[in-house]
Amino acid sequence: MWKKPMDVETLLRDRDIYFIPKGNDFVIRCLNPHHEDKNPSMRVHQITGIFNCFSCEYKGNLFHHFGEKANYLQQRRILFKTKIIQKRSESVGLSFPQNSLPYIGNWRNIKPETYKKFEAFQHSGIDYIGRINFPIRDISDKIVAFQGRHTADGRPKYKFTPPGIKLPFFPVVKTIKGSIILVEGIFDMINLHDKGLTNTVCCFGTKNYSETKLALLRAQGIENINIFFDGDEAGQKAAEALTTTCEKVGLITQNIYFKNTDPGALTQPSIDKLKEKLYG
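Numbering (my numbering), first residue to last: 5 to 284.
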C-alpha cells in the first residue's frame, strides 16, 4: 500500500515519540533496542531525519529506521532556506587581502576569463605569495576561506586561509539535466568549467563530505551526482565510499573513470567527448 511522504516532526508524532526541539535537532530517547536510555541522548536532524545517539553511538536515518517515505521536496525547500538564513546570520564573511591583484595568466592552459570567473588573485603576503589564490564562497555567497595553489615546487602545494576551516562544496552551480559532477580539487573543477562542464563542483578532498552536505545538494534540486575522482586506486576506493553515502540521502550516482589520470589533466577533446557521453 502506498504511503504518503512525511516530514520528521510528523513521523515522530505518528510514532508517539516524545521530542524536545534543540537547535536544528529534536532530542529523543535512543531508538537502539539494546540501549535503555533513561535520559534522552539521541539527536535527530529536524529536516533530514539523520540521527545519532551520543551515549551508545547508534546512528541512522529516521525514515529508513521506520520504513517510511521521506517528503524530499519539502526537505529540500526547508533545508536550503534554513541553511542560507543561518549562513547569512553567522558572519559578514572574509574580505580579499588588501592590495591583491587579479590573476591574468593562463597557467595549466586554463583561459584567463575562467580565472576571472573564479576571482583568482595574487598577493605578496606570506599566506599567498607564489600562489594562484581563490576565494571559497558558501551557499549564501560569503567568502569563508581562501585557497592558494603554488605554481612552482613550494610546499605545501595547497594552502587554506584560515587554516582548519570547514569547507563547503564549491561552487554553487546550475545543474545539467538535474545532475552535477563532483571532483576532488579546485583545479579539477576549474579545468572542467574552463572546457564546458559548468555543472562541476569540488569537495576539497575525498573525505570532505557528510550526509548533511549531500542532503543540502538535494535541497538545491540536485538529483544525480557524477563522481569524478582521480583514476588511481585511492581515488576509486574513495568514489565507492561516497557512492554509499549518496545512496543514504537518495542521490543517484554514476562513477566517471579515466585510468591513471585526473579531471585537472583532461584536454578539451576528452572533455568534449565526456560531455557528449553524459548529456548528449
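Even glycine gets a Cβ: it sits at the ideal position worked out from N, Cα and C.
Beta-ladder partner(s) of residue i, from DSSP
i    : result
L105 : Q126
M46  : I32 and C57
R141 : I147
R17  : DSSP output for R17 lists no bridge partner at all.
Reference residue i, options the options, closest by Cα
i    : options                   : result
I54  : K217, Q272 and F233       : K217
D276 : L201, E215 and K241       : L201
H69  : C34, G158 and Y261        : C34
N113 : L270, E244 and L105       : L270
G109 : N103, Q102, F100 and Y119 : Y119
Q224 : T165, D192, S144 and E237 : S144
L186 : D157, H154 and I226       : I226
E123 : I194, G129 and I130       : I194
R222 : F208, G235, T204 and C250 : C250
N203 : L220, I184 and T248       : I184
Y62  : P160, D198 and P44        : P44
Sub-8 Å separation of residue i and residue j beta-carbons
i    : j    : result
T60  : N28  : Note that residue 60 is Cys in the sequence shown, not Thr. In this structure, N28 does not lie closer than 8 Å to C60 by Cβ.
L196 : P273 : no
R47  : V31  : yes
Y1   : L171 : The question about residue 1 has no answer here: the residues shown for the chain are numbered 5 through 284.
I136 : Y162 : no
F125 : I140 : no
N65  : K252 : yes
F233 : I190 : no
G239 : K263 : no
G97  : I147 : yes
E188 : C207 : yes
H127 : S104 : yes
Three or more C-beta pairs below 8 Å linking the stretch 252-268 and the stretch 166-176: no
Counting only runs that start and end within the stretch 143-202, where is the alpha helix (DSSP H) found for 4 or more residues in a row? 190-198
Report the start-end ranges of each alpha helix (DSSP H) in the stretch 193-247 that is 4 residues or longer and not cut off at the edges. 215-223
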